[in-house]
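Inspection log for the structure reproduced underneath, given as structure tokens.
Residue numbers (full-length UniProt numbering): 1 to 109.
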């Protein structure tokens with residue numbers, strides 16, 4: 001993924017915000033709190049070490065997300081660093097599995 005190049009990015013309303021999908025993989029969540037990136041467990045401490053970063057909560061009473069980290073303004077204004085984190089986020093999500101048709105069930109006799 002590179003900013004300025006065409007990419008497969010789409011958004012879908014979800015839980016009062018917008019879920020961002022890159023190549024059909026959920027990679028970010030846009031809410032009133034800001035942009036939360038899906039980050040691999042191995043990378044979370046590095047992002048959380050940036051001042052202002054914190055775990056996303058979809059409601060104030062909800063438990064902190066284990067995978068989504070709110071991006072601090074300082075990072076979102078630094079295009080090269082932000083682009084690197086966007087790329088890492090796109091790689092963090094497992095490939096979405098397309099579900100095939102459900103098998104037809106036969107009535108029990």
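Here a beta-carbon is modelled for each residue, glycine too, at the ideal position from N, C-alpha and C.
Being a predicted model, the structure only gives us computed values, none of them experimental.
The alpha-carbon of residue 42 is positioned some 43 Å away from that of residue 105. Partner residues in the beta bridge of residue 11, as assigned by DSSP, are 20. For residue 41, no beta strand (DSSP E) segment is defined; the enclosing uninterrupted segment is the alpha helix (DSSP H) at 41-48. Within the same chain, and ignoring the five residues on either side of residue 57 in sequence, the residues whose Cβ sits closer than 6 Å to its Cβ are 64. In the three-state reduction of the DSSP assignment, residue 55 falls in the strand class.
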